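**Q** Could you have a look at this structure, given as structure tokens, before my questions?
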Amino acid sequence: MRKALELLRKQIRSVAPEAEEVLSYGIPAYKLKGMLVGFGAAKHHCAFYVMSPGLMKLLKEELAAYDTATATIRFLPGKPLPPALVKKIVAARMEENSRHREEMDKKKKAKTNK
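Mapping of the sequence shown onto this note's numbering: residues 1251 to 1364, in sequence order.
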């Protein structure tokens, strides 16, 4: 289990080296302009917390082989997620967070200019 999570962590860091590693709700997670992704383990599986139901819907076909929930991908320790999939998800989350931050900044600026 530990090896699979260390590999996932390494893949996340390769895409988002500037992301801050934090504990959120008791799980390792990454922040970059907001919460990015997280990961954890249960008794029989590992979990990759995508933290974006919208992205999960967009990737529905790619994730068909996995046990998923609203914003979580579960996988077996002996069958880690493909690196390309992890990198795609992290990059997409970074883009979502950047867009969200820009929108919030615009709203804040518009509010102060009134």
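Beta carbons are placed, not taken as given, at the ideal position from N, Cα and C, and that holds for glycine. Note that the structure is a prediction, hence the values are computed from the model and not measured.
Does DSSP put Val1272 in a helix, a strand or coil?
**A** Numbered from its first residue, the sequence shown carries residue 1272 at position 22. It is a strand residue.
**Q** Does the segment 1265–1278 come into contact with the segment 1316–1335, if we say contact requires no fewer than three beta-carbon pairs (one atom in each stretch) closer than 8 Å?
**A** Touching, no, given that fewer than three Cβ pairs across the two stretches are closer than 8 Å.
**Q** Quick check: the Cα distance between Leu1257 and Val1300, rounded to an integer number of angstroms?
**A** Numbered from 1 along the sequence shown, position 7 holds the residue referred to as residue 1257. Numbered from 1 along the sequence shown, position 50 holds the residue referred to as residue 1300. Answer to the nearest angstrom: the Cα atoms are 16 Å apart.
**Q** Following the continuous beta strand (DSSP E) through Ala1279, name the residue where it begins and the one where it ends.
**A** As a position in the sequence shown, residue 1279 is number 29, starting the count at 1. It spans 1277–1281 - the beta strand (DSSP E) in which Ala1279 sits, taken as one unbroken run.
**Q** How many Å lie between Lys1283 and Leu1326 at the Cα?
**A** In the sequence shown, counting from the first residue as 1, residue 1283 sits at position 33. In the sequence shown, counting from the first residue as 1, residue 1326 sits at position 76. Straight-line Cα distance between these residues: approximately 30 Å.
**Q** For Val1265, which three-state DSSP category applies?
**A** Stepping through the sequence shown from its first residue, residue 1265 is reached at position 15. Helix at Val1265.
**Q** Which residue comes first and which comes last in the alpha helix (DSSP H) that contains Met1306?
**A** Start at 1 with the first residue of the sequence shown, and residue 1306 comes out as number 56. Taken as a continuous stretch (DSSP letters only), the alpha helix (DSSP H) holding Met1306 covers 1303–1308.
**Q** With DSSP as the reference, please indicate the residues paired to Thr1318 in a beta bridge.
**A** As a first step, residue 1318 is located in the sequence shown; it is residue number 68 there, counting from the start. Per DSSP, Ile1323.
**Q** What separation, rounded to the nearest whole angstrom, lies between the Cα atoms of Tyr1275 and Phe1298?
**A** If you number the sequence shown from 1, residue 1275 lands on position 25. If you number the sequence shown from 1, residue 1298 lands on position 48. Cα to Cα, the separation comes out at about 14 Å.
**Q** Buried or exposed: where does Arg1351 fall if 16 or more other Cβ atoms within 10 Å of its Cβ makes it buried?
**A** Taking the sequence shown and counting its residues from 1, the one referred to as residue 1351 is at position 101. Arg1351 comes out exposed.
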